[in-house]
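The structure appears right after this line, and notes come after that.
Protein chains in written order, with our numbering: chain U, -6 to 161; chain A, -6 to 161; chain H, 2 to 88; chain B, 2 to 88.
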């Protein structure tokens, strides 16, 4: 199941709902993505490192294509792993530090499948789902740049490239 | 933080508590282990496959050593990965199908670290934490046997063997 | 021949082009994504600014990712946007 | 010499031995886990039954996993149990 929404979600409630329709699962893996207080790679909060404090983040998306891409990704995960139930929620709009951005739940009889499918989905959300983050802080606004490390993470799953540059 | 308890836990509540003390995290991975309705490898529920329906499972543990091992495992995960906060809850006593058994939460600025640390902890809980499962069903009671696949999963993390047979 | 296509723009591409979307009628020789981008770039102004580095531009045709050789035609929805940063 | 050790048993080892724990005084030559297991096995009854396949027996000395060469002595807590199945 997929949901694209501005509203917050409650992980506990979503887990209970999913478990009610996933009989026989042995392991449930959940990934929650949160708006960080500092942009950049480190979380130490050291302002000298050139990272920027965030006041808020605004997520823009491509209505229609987003739902399509999320449904495709979820279907691909179900094809690849013995997943009994799954859920992807992705928020858009204005979000403050500490707010939930994304929730991915994968439930399986086998914990390894639940872990792998979850990581697969998160890697692909980062590189395939049409969302764009605009960060706002004391220094102004800036669009978040895509990370090469995210592309590398997605590449390891061996799917066809979907993010071809228009310059190729 | 570790907890060994008979009481159930609420994943949503535990996540909120953990997030309150983990500022700056970008990703939280949660593993929930559930009592399955059928013992064995498949979850299809096909009674012809030789698997057994479960009425209940009773978890025995080694008080003292359990807490020690869980604390050691958690400390090792924090040494290996940039984890901002973590939680392990393991229940014992009588549990019915669908009940929560174990909860592992890992929070990090980096999703890859949160995923890896979580899988590491779960693999080690399966092979190192002194718990034993007694399954009860229509056919009587039986102690669950350790799985070679769990040992293999734990081995991949390259820690010193802790489960040496007394016959070595 | 009427070749109306719906163009949509996102993130800084939307900001640089100066609008979220529009309906355009490119010339008949514009039959691929690559040709469409070159034609758009030639319209100058915000288009030239938005498309000056095509390595930073991603394209979806009818909501599926598409490379420069993909065909485009009448009634297609063509989206231009930077590399995505969701999740 | 008093060499009292605290033995504790879990899961089917507890069931086969017939008790959850006890204090034992093994002879002076029992200074390792391996020697302790052999001595216990020689006590017959539930011990022999519980320890007939040592490959299925795990040992912890003072709540840390220990191999057959680990030393045991007075006041140690020695736990015998099957491979664990938690998580």
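Don't be surprised by glycine CBs; every beta carbon is placed ideally from N, CA and C.
8 Å Cβ shell around residue i - same chain, five flanking residues per side excluded
i                      : result
residue 83 of chain B  : 11, 12, 13, 14, 57, 58, 59
residue 104 of chain A : 19, 20, 22
residue 30 of chain U  : 38, 46, 47, 90, 91
residue 41 of chain U  : Here the model assigns residue 41 of chain U a pLDDT of 49, short of 50, so the residue's position is not dependable and the matter cannot be decided.
residue -1 of chain A  : 84, 85, 86
Minimum Cβ-Cβ distance from residue i to chain U less than 7 Å
i                      : result
residue 109 of chain A : no
residue 19 of chain A  : yes
residue 11 of chain A  : no
residue 61 of chain H  : yes
residue 40 of chain H  : no
residue 94 of chain H  : Beyond the ends of chain H as shown, which are 2 and 88, falls residue 94 of chain H; an answer cannot be given.
residue 67 of chain A  : no
residue 133 of chain A : no
residue 75 of chain H  : no
residue 44 of chain H  : no
residue 12 of chain H  : yes
residue 188 of chain A : Given that chain A is displayed from residue -6 to residue 161, the structure contains no residue 188 of chain A and the question cannot be resolved.
Within-7 Å CB hit, residue i to chain H
i                      : result
residue 139 of chain U : yes
residue 41 of chain U  : Legend: pLDDT at residue 41 of chain U = 49, less than 50; position of this residue unreliable, value from coordinates given subsequently. With 7 Å as the cut-off, residue 41 of chain U does not count as an interface residue toward chain H.
residue 35 of chain U  : Unreliable placement is indicated for residue 35 of chain U, whose pLDDT of 45 sits below 50; the coordinate value is still reported in the next sentence. Chain H, which has no Cβ nearer than 7 Å to the Cβ of residue 35 of chain U, makes this no.
residue 123 of chain U : yes
Residues near residue i by beta carbon distance below 7 Å, same chain, minus five either side
i                      : result
residue -5 of chain A  : 60, 63, 64, 67, 81
residue 61 of chain H  : 67, 80
residue 4 of chain A   : 23, 25, 96
residue 115 of chain U : 24, 97
residue 9 of chain B   : 21, 22, 78, 80
residue 11 of chain A  : 78, 80, 98, 100
residue 55 of chain H  : 38
residue 120 of chain A : 143, 144, 147, 156
residue 17 of chain A  : 77, 102
Residue interval of the alpha helix (DSSP H) (run including residue i)
i                      : result
residue 40 of chain B  : 34 to 42
residue 121 of chain A : 104 to 121
residue 46 of chain B  : 46 to 51
Interface flag, residue i vs chain A, CB-CB below 7 Å
i                      : result
residue 53 of chain U  : no
residue -1 of chain U  : no
residue 84 of chain U  : no
residue 112 of chain U : yes
residue 25 of chain B  : no
residue 79 of chain B  : no
residue 3 of chain U   : yes
residue 72 of chain U  : no
DSSP bridge partner residues for residue i (one or two, in chain order)
i                      : result
residue 149 of chain U : BP columns for residue 149 of chain U are empty, so no partner.
residue 133 of chain U : U/130
residue 7 of chain H   : H/24, H/78
residue 65 of chain H  : H/62
residue 79 of chain U  : U/99
residue 72 of chain H  : H/33
Endpoints, beta strand (DSSP E) assigned at residue i
i                     : result
residue 97 of chain A : 93 to 101
residue 87 of chain U : 86 to 88
residue 11 of chain U : Segment 4 to 13 is the alpha helix (DSSP H) holding residue 11 of chain U; no beta strand (DSSP E) there.
residue 18 of chain B : Segment 12 to 18 is the alpha helix (DSSP H) holding residue 18 of chain B; no beta strand (DSSP E) there.
residue 71 of chain U : Segment 58 to 73 is the alpha helix (DSSP H) holding residue 71 of chain U; no beta strand (DSSP E) there.
residue 80 of chain H : 78 to 82
residue 61 of chain B : 59 to 62
residue 22 of chain U : 20 to 27
residue -2 of chain U : -5 to -2
residue 49 of chain A : 49 to 54
Interface flag, residue i vs chain B, CB-CB below 7 Å
i                      : result
residue 149 of chain A : no
residue 115 of chain A : yes
residue 118 of chain A : yes
residue 130 of chain A : no
residue 24 of chain A  : no
residue 38 of chain A  : Below a pLDDT of 50, predicted positions are generally treated as unreliable, and residue 38 of chain A, at 44, falls in that range; no measurement from the model is reported.
residue -4 of chain A  : no
residue 31 of chain A  : no
residue 126 of chain A : yes
Check: residue i C-beta below 6 Å from any heavy atom of the ligand SAH
i                    : result
residue 8 of chain U : Of the ligands one can find in the structure shown there are none, so the ligand SAH has no counterpart to examine.
Contacts around residue i, its chain only, beta-carbon distance under 6 Å, and the 5 residues preceding and following it disregarded
i                     : result
residue 99 of chain A : 22, 76, 79, 107, 110, 111
residue 69 of chain H : 34, 35
residue 8 of chain U  : none
residue 31 of chain H : 37, 40
residue 7 of chain H  : 24, 78
residue 50 of chain U : 28, 88, 126, 128
**OP:** Determine contact between the stretch 42 to 56 of chain A and the stretch 110 to 130 of chain A, defined as no fewer than three beta-carbon pairs at a distance below 8 Å.
**Re:** When C-beta atoms of the stretch 42 to 56 of chain A are compared with those of the stretch 110 to 130 of chain A, three or more pairs fall below 8 Å, so the two segments count as touching.
Subject >> At least 3 beta-carbon pairs within less than 8 Å: the stretch 69 to 78 of chain H vs the stretch 47 to 54 of chain H >> reply: No contact exists between the stretch 69 to 78 of chain H and the stretch 47 to 54 of chain H.
**OP:** Determine, using beta-carbon pairs with one atom in the stretch 132 to 139 of chain A and one in the stretch 39 to 48 of chain H, whether at least three such pairs fall under 8 Å.
**Re:** No, the stretch 132 to 139 of chain A is not in contact with the stretch 39 to 48 of chain H.
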